[in-house]
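Each residue of the sequence shown is one higher than the one before, starting from 371 at the first, in my numbering.
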Amino acid sequence: MSMLQNASPAESQAKPKRILLSGVFGPFGVDDDFGRKENIMELFHNQVTKAQGLASFRFHHRSFGLYFIAANLDADVAVLDFPSRSRFIAELRKGYDAVGISFITPNYVKAREMARLVRELSPGTEIILGGHGAAIEGVEELIPCDHVVKGEGIAWMRRYVGQNPADPIFHPALPSTEMQRIFGVPVPGPTASLLVPGVGCVNACNFCSTSHFFGKKYTAYLSTGKEIFDTCRRIADLRGTDAFFIMDENFLKDKERALELIAEMERHQRFFTFHVFSSCEAIVSFGIENMVKLGVSFCWIGFESKTDKTSFAKNNGIDPRDLVRQLRDFGISVLGSGILCMEHHTPENIQEDIDFMIGIEADTVQFMLFTPLPVTALYKRHKKMGLLRMDLPFEEWHGQKHLNWRHPAFPGDLPEQFLNGAFRKEYEINSSTIYRVVETAVRGYQTLSVLRDDSPIMQSRLETLRSRVLEYAVMLPVIRAHAVNDLERQRAQELDSKIQELIAPLGLKDIALRTAARAFARWWQLRVALKGDVLQPATIFTEFRLSERRKGRFPLPLVEVNPFVPQGIRGLDVAAMVPVSSD
Ligand code: B12
Ligand code: SF4
371 MSMLQNASPA ESQAKPKRIL LSGVFGPFGV DDDFGRKENI MELFHNQVTK
421 AQGLASFRFH HRSFGLYFIA ANLDADVAVL DFPSRSRFIA ELRKGYDAVG
471 ISFITPNYVK AREMARLVRE LSPGTEIILG GHGAAIEGVE ELIPCDHVVK
521 GEGIAWMRRY VGQNPADPIF HPALPSTEMQ RIFGVPVPGP TASLLVPGVG
571 CVNACNFCST SHFFGKKYTA YLSTGKEIFD TCRRIADLRG TDAFFIMDEN
621 FLKDKERALE LIAEMERHQR FFTFHVFSSC EAIVSFGIEN MVKLGVSFCW
671 IGFESKTDKT SFAKNNGIDP RDLVRQLRDF GISVLGSGIL CMEHHTPENI
721 QEDIDFMIGI EADTVQFMLF TPLPVTALYK RHKKMGLLRM DLPFEEWHGQ
771 KHLNWRHPAF PGDLPEQFLN GAFRKEYEIN SSTIYRVVET AVRGYQTLSV
821 LRDDSPIMQS RLETLRSRVL EYAVMLPVIR AHAVNDLERQ RAQELDSKIQ
871 ELIAPLGLKD IALRTAARAF ARWWQLRVAL KGDVLQPATI FTEFRLSERR
921 KGRFPLPLVE VNPFVPQGIR GLDVAAMVPV SSD
């Protein structure tokens with residue numbers, strides 16, 4: 371097994387390699403020989419809105435890294451996303467030169483089984499392991515393979531096919547989510563597009579997988595505001611939406627690039643909106659007014675813990691409650707992330723941190739157990755101290771049930787009890803996330819109305835908030851009907867009246883949409899009662915043929931609807947090649 375093996379450029383030009391890039395096989399989110407019910411293929415339902423029942427946000431996300439590699443490789447590449455085990459076997463029989471398996475630590479057993487199948491059914495095929503699971507110590511001995519890629523994958527795969535790793539990066543046009551439902555109600559219009567300006571984060575918080583996996587540095591795919599703007603414009607024109615989900619660990623950290631993006635939007639009078647991840651110090655340095663101009667509608671922030679014992683420099687000197695209030699006042703929804711069962715926690719003091727996270731009054735809160743994952747500084751520290759629970763199967767290393775290290779104060783199922791209690795209490799006190807998101811949009815609309823800034827960029831932001839309020843207000847009767855308690859029922863009622871006073875009284879179209887939303891919610895309630903609420907993503911197969919790509923032709927994904935999926939997949943968008951910059 372070698373860590374890197376190059377084909378010569380001449381060879382690769384003569385006959386492109388045939389490469390299959392695959393995500394791990396389903397079903398997902400069920401207890402079986404290969405997985406656990408906690409490993410749901412849904413970001414919010416997994417670890418954010420999981421306690422909110424019918425009100426939980428239900429989105430599926432593709433294995434984006436694979437499409438990025440495929441779109442940037444001089445090879446014939448097929449991407450197989452969300453396959454079943456048998457679908458993966460059928461694909462193997464086509465006889466690829468190499469199979470790349472992307473996996474994360476909790477999917478270790480699935481990756482091992484896939485590698486075993488490759489060796490058995492297609493012995494001449496090389497196996498390349500990539501994704502965060504590749505960081506598992508000694509993985510090269512544990513899983514049959516020829517190469518292990520620990521870190522950024524595009525450059526490595528380019529070297530593997532004999533291509534220059536420094537070739538310009540092409541950003542594929544992809545939906546950020548495949549399916550979007552809340553209370554079973556489909557979110558209207560095309561889903562936001564995906565934007566990956568780069569990978570990694572320089573902050574290197576001790577527990578953070580992504581920062582450590584990418585070498586505690588940031589690797590930019592789109593280095594300037596202009597490159598981001600050009601990429602956004604092309605993707606937006608192709609997909610018919612100006613909304614983007616930025617998959618970048620700390621987008622505002624590069625202040626200059628984000629400011630340049632605002633300038634580009636103003637220069638072209640084209641105003642995109644963005645969902646971002648960022649840390650407190652980067653947000654404060656960038657400024658909330660700039661975030662409004664940038665069009666940030668949602669921001670994911672890691673507050674982690676109240677106490678200064680955790681010493682996360684990113685949060686020093688910042689009042690989280692005040693920051694969240696200001697962001698929401700400007701119409702920016704906040705996801706606050708908190709960590710439970712940290713080293714300083716005890717059953718006596720942990721509730722203080724839970725209440726702190728509830729008290730910041732974000733739109734939604736993620737609670738995660740403190741989980742040392744391979745390659746992180748925390749993993750190394752806990753290993754040195756002999757605390758790691760190597761007896762706990764990797765399928766359980768997901769942070770939503772067991773601790774994967776021995777915390778003397780939290781034996782048995784105590785971590786899970788605190789975790790579940792935290793999610794439930796947050797929901798009961800702050801109401802559903804969808805209620806809070808509508809409230810944030812209303813607050814933002816009010817603030818921007820009062821500012822009376824008639825610059826085109828601010829007028830565009832005001833108009834976006836107005837449309838968002840009207841679009842989301844359709845959900846208020848559903849929220850009332852399925853409220854967690856009287857408090858939420860009353861809040862939804864009051865917010866509805868306020869919107870009708872502030873923006874517009876209900877018209878016939880609103881009444882029809884509200885009736886439809888309630889019908890969807892009743893159907894969803896029945897579906898969950900009869901069949902449970904596990905949703906399996908459909909299999910997606912996309913071929914990136916080198917000859918077609920060279921002619922500028924776009925690959926079309928083939929969506930193979932999973933028989934267990936109750937509804938067809940939405941947003942069957944063309945995965946298109948989008949040059950980074952062309953002007
Ligand atoms: C989108 C996402 C998901 C999606 C799943 C998408 C999918 N189809 O698999 C959802 C929301 C469903 C999800 C769920 C979970 N996730 Co998740 N997820 C992410 C997230 C936010 C973005 C991933 C991404 O697209 N990044 C952008 C791309 C470009 O980067 P990339 O995927 O890392 O790919 C690059 C390299 O890794 C490499 N590479 C990747 N694959 C391959 C394959 C080959 C062959 C090669 C050569 C290279 C290569 O090349 C790529 C380009 O450089 C990351 C955090 C993050 N910011 O990365 C967490 C993350 C990957 N998830 C994680 C976890 C733990 C989970 C969950 C268990 C939930 C949880 N408790 O957090 C569940 C499990 C679901 C399941 N059953 O598998 C962890 C993994 C930790 C680890 N060390 O293994 C991460 C890192 C979050 C974290 N900080 O802890 N997740
Ligand atoms: S700021 Fe966020 S992304 Fe960056 S290292 Fe810390 S936890 Fe990771």
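Here a beta-carbon is modelled for each residue, glycine too, at the ideal position from N, C-alpha and C. Predicted model, so just to flag it, every value in this text is computed and none were measured.
Looking at residue i: is its Cβ nearer than 7 Å to the Cβ of residue j?
i: S472; j: G435; result: yes
i: S579; j: L743; result: yes
i: H645; j: F599; result: no
i: I552; j: F414; result: no
i: A862; j: Y805; result: yes
i: A747; j: N573; result: no
i: F583; j: H517; result: no
i: V694; j: A633; result: no
i: F621; j: S830; result: no
i: K385; j: D467; result: no
i: H541; j: T601; result: yes
From residue i to residue j, what does the alpha carbon distance come to, in whole angstroms?
i: R698; j: V654; result: 14 Å
i: R888; j: V848; result: 6 Å
i: N932; j: L487; result: Reliability fails at N932, whose pLDDT of 49 lies under 50, so the model's placement of it is uncertain and the value that follows must be treated cautiously. Using only the alpha carbons, I get a separation of about 22 Å.
i: I671; j: V704; result: 7 Å
i: Q721; j: L773; result: 17 Å
i: R637; j: L631; result: 10 Å
i: F673; j: V509; result: 32 Å
i: L846; j: S648; result: 29 Å
i: K771; j: G922; result: 47 Å
i: S825; j: Y815; result: 16 Å
i: L424; j: Q906; result: 17 Å
i: P538; j: R627; result: 18 Å
i: Y437; j: V449; result: 7 Å
i: S454; j: V394; result: 8 Å
i: T741; j: N719; result: 19 Å
i: G523; j: N534; result: 13 Å
i: F924; j: D446; result: 13 Å
i: I728; j: V812; result: 21 Å
Does DSSP put residue i in a helix, a strand or coil?
i: P936; result: Because P936 sits at a pLDDT of 38, beneath the cut-off of 50, its placement in the model cannot be relied upon, and the point is left open.
i: R698; result: helix
i: P493; result: coil
i: E674; result: strand
i: D446; result: strand
i: S867; result: helix
i: G595; result: helix
i: M738; result: strand
i: G320; result: No information on residue 320 is available, as it lies outside the stretch 371 to 953 that the chain covers here.
i: W775; result: strand
i: C515; result: coil
i: P556; result: strand
i: P538; result: coil
i: Q550; result: strand
i: R388; result: strand
i: G508; result: coil
i: T643; result: strand
i: S649; result: coil
i: L926; result: coil
i: S454; result: coil
i: G791; result: helix
Return the residue from the list the options that minimises the CA-CA distance to residue i.
i: I400; options: L784, E766, S825, T817; result: The question names Ile, but residue 400 in the sequence shown is Val. Of L784, E766, S825, T817, the residue nearest in Cα terms is E766.
i: I724; options: I709, R489, T734; result: I709
i: R604; options: L872, L544, A481, G756; result: L544
i: P560; options: C575, L629, S837, G610; result: G610
i: T716; options: C669, F682, D689, A779; result: A779
i: S496; options: R836, M527, T475; result: Checking the sequence, you will find Glu at residue 496 rather than Ser. Measuring from the Cα of E496, the nearest candidate turns out to be M527.
i: G687; options: Q696, K676, R695; result: K676
i: L443; options: P927, L926, E918, L928; result: E918
i: G554; options: R836, F429, R406; result: F429
i: E651; options: P763, L629, D689, Q639; result: D689
i: V820; options: F793, L872, K420, L878; result: L872
i: V964; options: M617, K587, F668; result: The chain is shown from 371 up to 953; residue 964 falls before or after that span and cannot be answered.
i: T955; options: A882, M712, K586, H431; result: Here the chain comprises residues numbered 371 to 953, so residue 955 is not present and cannot be evaluated.
Would you verify that the beta carbon of residue i is, or is not, closer than 7 Å to some beta carbon of chain D?
i: D856; result: Protein chains in the displayed structure number just one, and chain D is not present.
TODO: Go through the residues and name those whose CB comes closer than 6 Å to any heavy atom of the ligand SF4, in chain order.
DONE: The filter returns C571, N573, A574, C575, C578, T580, S581, E619, N620, S649, G672, K684, in chain order.
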